Amino acid sequence: MALPFLPGNSPNKQLGKQRFHKSQQFEYYNGLPMVGFEKPGIGGEPLVGQKIKPKYSVYPKGQGRDLPSWVAFDKQVLCFEAFFKEAVPHAQHETNRIRKCKIYFHLEDDTVQVVEPEYKNSGIPQGILIRRQRVPLPPPNDDQFYHIYHFNINQQMVLYSRTFTVTNCDSFTRNFLTKLGVRLNYPTTVPDDTYSKLRQEIEKNMNPLRPYEKRDTLKQFLEHDHRVLRFNCLWDETENVFTDRRELILHYYLGDDTVEILETAPPNSGRDTVPKFLHRGKLPKHAVQMEQPGQITDRIVLNVIVPMNQEQHYLLDNLKTGAVHDDFYKDCDLTLGGEVNVWGRRVILTDCDNFTKDYYRSKYGIEDFTPVVYKVPPAPKPPRYVPPYNGFGSEEDSLRSCQGLLPKPSQKDLRKFLARSDEFVLNFSAKMVTTDSIDRDRLFTISFYLCDDSICMFETPQKNSGMLTGKFLQRGRVKKPGQELFKSEMSEYYKAQDLYVGATLCFSGMLFQVLDADEYTFNYMEQHAEEFPKANVGNILSKLRSIPEEKQSEIRRFLPLSDPSNTGFISYESFRGLLTGLDCGLSEHEVLVLGRSFSEREQPEADVGLMLAVAQDFLKKKPFEEFPELDKAFTSRDLQKTGRLSTKETRTICKGFHLPLPEKLLGGLLSKFADGDEIDYHAFLAGINWVEHLAPTVMSEDALKFDVNARSGAPWATAKNVDYSFLLRDVFSFPSNSGDPTPTTTT
177 MALPFLPGNS
187 PNKQLGKQRF
197 HKSQQFEYYN
207 GLPMVGFEKP
217 GIGGEPLVGQ
227 KIKPKYSVYP
237 KGQGRDLPSW
247 VAFDKQVLCF
257 EAFFKEAVPH
267 AQHETNRIRK
277 CKIYFHLEDD
287 TVQVVEPEYK
297 NSGIPQGILI
307 RRQRVPLPPP
317 NDDQFYHIYH
327 FNINQQMVLY
337 SRTFTVTNCD
347 SFTRNFLTKL
357 GVRLNYPTTV
367 PDDTYSKLRQ
377 EIEKNMNPLR
387 PYEKRDTLKQ
397 FLEHDHRVLR
407 FNCLWDETEN
417 VFTDRRELIL
427 HYYLGDDTVE
437 ILETAPPNSG
447 RDTVPKFLHR
457 GKLPKHAVQM
467 EQPGQITDRI
477 VLNVIVPMNQ
487 EQHYLLDNLK
497 TGAVHDDFYK
507 DCDLTLGGEV
517 NVWGRRVILT
527 DCDNFTKDYY
537 RSKYGIEDFT
547 PVVYKVPPAP
557 KPPRYVPPYN
567 GFGSEEDSLR
577 SCQGLLPKPS
587 QKDLRKFLAR
597 SDEFVLNFSA
607 KMVTTDSIDR
617 DRLFTISFYL
627 CDDSICMFET
637 PQKNSGMLTG
647 KFLQRGRVKK
657 PGQELFKSEM
667 SEYYKAQDLY
677 VGATLCFSGM
687 LFQVLDADEY
697 TFNYMEQHAE
707 EFPKANVGNI
717 LSKLRSIPEE
727 KQSEIRRFLP
737 LSDPSNTGFI
747 SYESFRGLLT
757 GLDCGLSEHE
767 VLVLGRSFSE
777 REQPEADVGL
787 MLAVAQDFLK
797 KKPFEEFPEL
807 DKAFTSRDLQ
817 KTGRLSTKET
827 RTICKGFHLP
837 LPEKLLGGLL
847 SKFADGDEID
857 YHAFLAGINW
867 VEHLAPTVMS
877 EDALKFDVNA
887 RSGAPWATAK
897 NVDYSFLLRD
907 VFSFPSNSGD
917 PTPTTTT
């Protein structure tokens, strides 16, 4: 009997309670922070009549990081085999049907999916029975959902009022549940379905009316799709009247063993151009004419029985006695020189492309791919005589006017022009070969432009010479002397190989002898020794080895006598006089290249003050006045405020401001101000700042030394001392008493 609801009779529920906070909805579900769906009352206690649904299934906590379930169990699914019985009340041969299915449990979110495999001609909708979702438990626990501990083998599960019997699971599911501590039951078998067995027996006894024969050609298609063999063919029908030889192209498709033939009609052949000579398809070997439709079949009808009820029954030939087997051309049947029967036409394979050769070489080991020669070699074209040059315009323009009705300008060697711009210039020093005492002392500079083989000539000014110096020869190509003016052949012009030290050149009827060349010219000729035979050290040494034995003995005696101190070096003048006096067949340029190859030369050191003055002269002419901005850029990159930056960073900032200095001059200044790998940028800026620290005026000759086209070193190449020990040891096979010095090659 309950006490009346009077003061003192009902206990206070708040007695002993310590939590009176308002409940919040922020919770963790499977390690993922989420907003809760069930909000409890004050102090975290459920409200009156409220049932808190449990969270997702509790997974075992491993050692390590606490990852959320959708990361830890991504794409991990438990698979169970199950079946359920479905009642069939209106069927005559069955009362129920056993339907097999698979239950998938996704570990990341406790969702369940039920899938039934589809069977042929089942007559019922199959596939996904329950889409992926959280499945609630059967009543009265329908406020809860299935989790991982509800699954086991040899048990029944109710999913949406349908009872499933779990029979087995896969190995991954078995291992996963075993590690969780779930004790799995023994697998059970699926009961037999009488109607399904009856259907299987009926299908086994059925003989289809059509031959269900499959030919697996997918593998061949996937391996050889878009791979085609190409043969050049010849159809010779000259035996017939009004026929000739016709050239064909045969394409053999490796993907399906089909053949396609195209015809190549030569110009003015009188034949209409057709798209294809033979459409793509399998080509039989022995067929002479096309078969009629239905004439060739694998299976034929042996008899037709027409009973009284007018129902037709066909008796087919199961033994295939009427099948006609025809051989078709394969890739192994196609060989050069072989014949192909194209529906009664005799086609000869004459040649093939490179892919076809590689295919037969790798698959069949064939190495002989000699083409079949069936064409008469064309007659040599008669020589085309060109009228002689008439003196108007250049020879190239006159020749182009004879090659067509519409004259076109002569084409220049664009590739050569792009590879070698106007900066590639070979400079030589020359004098005039004459008996006149005044002209004999005149000096000239010959510049050869490699981009278009043009020559420009200047006369070097001399004090008190009384001569008007300057440009002596306009830039252009110069013809070699001794050629007829009005002739049909093209004239020969001076090339870069014709200019070398010691050569005699004829310009405008006057002879000039090349005396020397600058350092850049020698370096370029030595770096491209395959183009300049006079600068090829290997050829020069071969000439020395081929001289007579008495001259070699004289060289071996003279070289040590010229070095009384036994240093291994002799002067270049003595070395040159020896080779020139013995008449070894070497030109002046070859002797100079040989001396340069084994000489000891020092480059003059550039003056820092002169370099700064030249740099200020360049900056003042541009003009460049952004020195404060340049100082700010250097300071911003100097994070440690040490006043120093690396050489690479300094060069990058200068390039960013487009500092108008030649690369050679900028690199030389940076090397002068460098202390190790760092540069004092304050001193560098103070040196080139022509606004605040103006340097003295420099001469134009000094500025040209650091220009883009300036050559390194002295204006003309020189050689000091020659290392003769190498010549004695390797060229003349004579041991040297001095050490083992290595030849120093100039760069």
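Under this note's numbering, the final residue of the sequence shown carries the number 923; numbering is consecutive throughout. The beta-carbon is built from N, C-alpha and C at its ideal position, and this holds for glycine as well. Please read these numbers as outputs of a predicted model, since none were measured by experiment.
*Residues that Gly-652 bridges to, as DSSP identifies them*: DSSP links Gly-652 through a beta bridge to Ile-631.
*Is it the case that the Cβ atoms of Ser-348 and Asp-433 are separated by a distance below 8 Å?*
This sequence places Phe at residue 348; Ser is not what is there. Contact flag unset, no.
*Measuring CA to CA, which of Gln-689, Leu-410, Tyr-561 and Thr-370 is closest to Val-677?*
Cα-wise, what sits closest to Val-677 is Gln-689.
*Contiguous alpha helix (DSSP H) assignments of at least 4 residues, all confined to the segment 682 to 766*: For the segment 682 to 766, the continuous alpha helix (DSSP H) assignments of 4+ residues that do not extend past its boundaries occur at 695 to 703, 713 to 721, 725 to 737 and 748 to 757, in sequence order.
_Three-state secondary structure assigned by DSSP to Val-609_ = Assignment of Val-609 by DSSP, reduced to helix, strand and coil, places it in the coil class.
*May I ask you to list the residues that DSSP assigns as paired with Leu-362?*
A quick correction: the sequence has Tyr, not Leu, at residue 362. Note: Tyr-362 sits in no beta bridge, so no partner.
*Classify Glu-802 as buried or exposed, calling it buried when 16 or more other Cβ atoms lie within 10 Å of its own Cβ.*
Exposed, since its Cβ has fewer than 16 Cβ neighbours within 10 Å.
*Anyone know if the C-beta pair for Leu-438 and Leu-424 falls short of 8 Å?*
The Cβ atoms of Leu-438 and Leu-424 lie closer than 8 Å to each other.
_Straight-line Cα distance separating Asn-699 from Thr-922_ = Note that Thr-922 scores 40 on pLDDT, short of 50, meaning its location in the model is unreliable; the coordinates nonetheless yield the value given after this. Whole-angstrom Cα-Cα distance: 8 Å.
*Look at Phe-256 and Lys-278 and say whether their C-beta atoms are less than 8 Å apart.*
Yes. Within cutoff.
*Where do the ends of the alpha helix (DSSP H) carrying Cys-830 lie?*
Here the alpha helix (DSSP H) through Cys-830 covers 823 to 832.
*How about Tyr-561 and Lys-663: are their beta carbons less than 8 Å apart?*
No, they are not a contact pair.
*Report yes or no: do the segment 733 to 746 and the segment 700 to 717 share at least 3 C-beta pairs separated by less than 8 Å?*
Touching, no, given that fewer than three Cβ pairs across the two stretches are closer than 8 Å.
*Separation of Leu-903 from Asn-913, as counted between CA atoms*: Confidence in Asn-913 is poor, its pLDDT being 46 and thus under 50, which makes the residue's placement too unreliable to answer from.
_Rounded C-alpha distance that separates Leu-602 from Lys-533_ = Going by the C-alpha atoms only, they are around 50 Å apart.
*Three or more beta-carbon pairs under 8 Å between the segment 797 to 817 and the segment 716 to 732, yes or no?*
No, the segment 797 to 817 does not touch the segment 716 to 732.
*Contact between the segment 625 to 635 and the segment 643 to 653: three or more CB pairs below 8 Å?*
As far as the Cβ criterion goes, the segment 625 to 635 touches the segment 643 to 653, which means the pair count is three or higher.
*Leaving aside the five residues before and after Thr-823 along the sequence, list all residues of the same chain whose C-beta is less than 7 Å from its C-beta, in chain order.*
Only Leu-846, Ala-850, Asp-853 and Ile-855 meet the Cβ criterion.
*Which residues in the same chain have their Cβ closer than 8 Å to the Cβ of Tyr-583, if we skip the five residues on either side of it in sequence?*
Position check: residue 583 holds Pro in this sequence, whereas Tyr was assumed. Excluding sequence neighbours, Pro-583 sits near Asp-573, Arg-576 and Ser-577.
*Check whether the Cβ atoms of Asn-361 and Gln-332 lie closer than 8 Å to each other.*
Their beta carbons are not under 8 Å apart, which means Asn-361 does not touch Gln-332 by this criterion.
*Looking at Ile-864 and Arg-754, is the spacing between their C-beta atoms short of 8 Å?*
Note on identity: in this sequence residue 754 is Leu, with Arg being the wrong assignment. Taking a C-beta distance under 8 Å as the contact criterion, Leu-754 and Ile-864 do not qualify as a contact pair.
*Could you give the C-beta distance for Asn-406 and Asp-507, rounded to a whole number, given that I count them as a contact under 8 Å?*
It should be pointed out that residue 406 corresponds to Arg in this sequence rather than to Asn. Contact doesn't hold; Cβ gap of about 12 Å is too wide.
_Backbone CA spacing between Ala-693 and Phe-620 [nearest angstrom]_ = If you take the alpha carbons of Ala-693 and Phe-620, they lie about 12 Å apart.
*Mind the definition here: the segment 609 to 617 touches the segment 587 to 595 only if three or more C-beta pairs lie below 8 Å; say whether that holds.*
Verdict: no, contact absent.
*For Asp-412, which three-state DSSP category applies?*
The answer is strand: DSSP assigns Asp-412 an E or B state.
*Span of the alpha helix (DSSP H) around Val-784*: Element bounds for Val-784: 784 to 797.
_Whole angstroms are fine: how far does the CA of Asp-401 sit from the CA of Arg-308?_
For Arg-308 and Asp-401, the distance between alpha carbons rounds to 40 Å.
*Which residues in the same chain have their Cβ closer than 7 Å to the Cβ of Glu-294, if we skip the five residues on either side of it in sequence?*
For Glu-294, where only same-chain residues beyond five positions count, the Cβ hits under 7 Å are Gln-302 and Gly-303.
*Give the range of the alpha helix (DSSP H) segment to which Asn-381 is assigned.*
Its alpha helix (DSSP H) spans residues 370 to 381.
*Would the beta-carbon of Val-311 fall within 8 Å of that of Asn-328?*
Pairing Val-311 with Asn-328 gives a Cβ-Cβ distance that is not under 8 Å.
*Alpha carbon to alpha carbon, how far is Thr-610 from Gln-673? Give it in angstroms, no decimals.*
Distance between the alpha carbons of Gln-673 and Thr-610: 24 Å.
*What's the gap between the Cα of Lys-924 and the Cα of Thr-873?*
It is not possible to answer for residue 924, since the shown part of the chain is limited to 177 through 923.
*CA-CA distance, Glu-436 and Glu-543?*
Glu-436 and Glu-543: Cα-Cα distance of roughly 25 Å.
*Kindly indicate which three-state DSSP category Leu-644 falls into: helix, strand or coil?*
DSSP places Leu-644 in coil when its eight states are reduced to three.
_Which residue wins for smallest C-alpha separation from Val-552, given the options His-462, Arg-618, Arg-421 and Tyr-625?_
By alpha-carbon distance to Val-552, the top candidate from His-462, Arg-618, Arg-421 and Tyr-625 is Arg-421.
*Phe-340: which of Arg-275, Thr-354 and Leu-821 sits nearest, CA to CA?*
The residue with the shortest Cα to Cα distance from Phe-340 is Arg-275.
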